[in-house]
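Residues 1 to 258 (UniProt numbering) make up the sequence shown, in order.
Just so it is clear, CB atoms sit at the ideal spot from N, CA and C, and this is done for glycine as well.
Please read the structure below before turning to the comments.
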Amino acid sequence: MADIKRKDYEAQLEPLQVELANMARWLKHNGRRLVVLFEGRDTAGKGGAISAIAEHLNPRQCQIVALPKPNERESGQWYFQRYVPYLPAAGEIALFDRSWYNRAGVEQVMGFAKDAQVKAFLRQTPTFEKLLVDDGILLFKYWLCCDQDEQEQRFLERLDDPLKRWKLSPIDFEARKHYDDYTRAREAMLKATHSKHAPWTLVDFNDQKRGRLTLIRDLLDRLPDTHVGEQPIVFEPLAGKPKKERYDVVKPIRNVKR
Numbered sequence: 001m002a003d004i005k006r007k008d009y010e011a012q013l014e015p016l017q018v019e020l021a022n023m024a025r026w027l028k029h030n031g032r033r034l035v036v037l038f039e040g041r042d043t044a045g046k047g048g049a050i051s052a053i054a055e056h057l058n059p060r061q062c063q064i065v066a067l068p069k070p071n072e073r074e075s076g077q078w079y080f081q082r083y084v085p086y087l088p089a090a091g092e093i094a095l096f097d098r099s100w101y102n103r104a105g106v107e108q109v110m111g112f113a114k115d116a117q118v119k120a121f122l123r124q125t126p127t128f129e130k131l132l133v134d135d136g137i138l139l140f141k142y143w144l145c146c147d148q149d150e151q152e153q154r155f156l157e158r159l160d161d162p163l164k165r166w167k168l169s170p171i172d173f174e175a176r177k178h179y180d181d182y183t184r185a186r187e188a189m190l191k192a193t194h195s196k197h198a199p200w201t202l203v204d205f206n207d208q209k210r211g212r213l214t215l216i217r218d219l220l221d222r223l224p225d226t227h228v229g230e231q232p233i234v235f236e237p238l239a240g241k242p243k244k245e246r247y248d249v250v251k252p253i254r255n256v257k258r
């Protein structure tokens, strides 16, 4: 299947983003909580998918959660503890750019977690997620699929692009050697945590733009009817002539000349 063109992608994305805005209004109106997990290999497209969803949502309502590696204190906590403060309150959305599933992925493959810790995680996660769902949280888990040749191309693009080079780290290059190990870890994770109350959804992200459209459409289709009528807003005309902005204390800097 040929990659979708930018113009076609944007034409298909816009109505989906309108539906996402309706979804956000529905969540707020009904006091519902939404959690979406984005998992996948390095370069799969997690950040781009999250940006497409959050772009036109109120950042006070929609939080993007991308946690760094745990500090010394967090390493001594119950594993799920550091994620709990980022769960949404009524009417809110939390989009996790990687999540508690780090333990079954990078931590396991790169040797940051012991086998016993990984086994405990895989055993406990379905119970943890059932607690979330039983409490009314709408939980969606997405794995973004990416073949190795596509991943290699994206690594090279990041290496050559100064605006994307920040996405690279030494661990990324080390992780390249463990493609098969990540596959085995993912399959074990899916087997242990793909449950009726919190199923996984895998989306082909070899074409990232097409993948974003597919993921957003799936997310919207799995939610209840999210239509909530908009409150009418009366936009009264100004009482007088519009005023020019004035600055007495500090003047604005000059605009850049073309």
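A direct Cα-Cα distance of roughly 39 Å separates Leu16 from Ala120.
When Val234, Pro162, Ile137 are compared, the shortest CA-CA separation from Pro88 is found for Ile137. Closest in C-alpha terms to Arg98, from the list Ile4, Phe38, Leu202, Arg186, comes Phe38. Excluding five sequence positions before and after Tyr86, the CB atoms of its chain that fall closer than 8 Å to its own CB belong to Gln63, Val65, Leu67, Ala94, Phe96, given in chain order.
In the three-state reduction of the DSSP assignment, Ile171 falls in the helix class. For the region 2-51, the continuous alpha helix (DSSP H) assignments of 4+ residues that do not extend past its boundaries occur at 6-30, in sequence order. Of all alpha-carbon atoms in Lys257, Asp134, Lys177, Glu129, the one lying nearest the alpha-carbon of Gln151 is that of Lys177. Of all alpha-carbon atoms in Lys7, Gly111, Phe128, Val109, the one lying nearest the alpha-carbon of Trp100 is that of Phe128.
In this structure, the beta-carbon distance from Met110 to Ala198 does not fall below 8 Å. Around the beta carbon of Lys241, fewer than 16 other beta carbons sit within 10 angstroms, so the residue counts as exposed. Lys46 sits close to Leu144, with the two beta carbons spaced by under 8 Å. As computed with DSSP, Leu144 is found in a beta bridge with Gly40, Val203. Around the Cβ of Tyr182, a 10 Å sphere holds 16 or more other Cβ atoms; the residue is buried. If you look at Ile216, you'll find it in the alpha helix (DSSP H) that goes 208-221. In the three-state DSSP reduction, Ile53 falls in the helix class (H, G or I). Straight-line measurement puts the Cα of Ala11 at about 10 Å from the Cα of Lys5. In chain order, Ser195, His197, Ala198 place their CB closer than 8 Å to the CB of Lys130, counting only its own chain and leaving out the 5 sequence neighbours on each side. A distance below 8 Å separates the beta carbons of Cys146 and Ala44.
Here Val118 has Arg103, Ala104, Glu107, Gln108 as same chain residues with Cβ atoms under 8 Å from its own Cβ, once five neighbours each way along the sequence are excluded.
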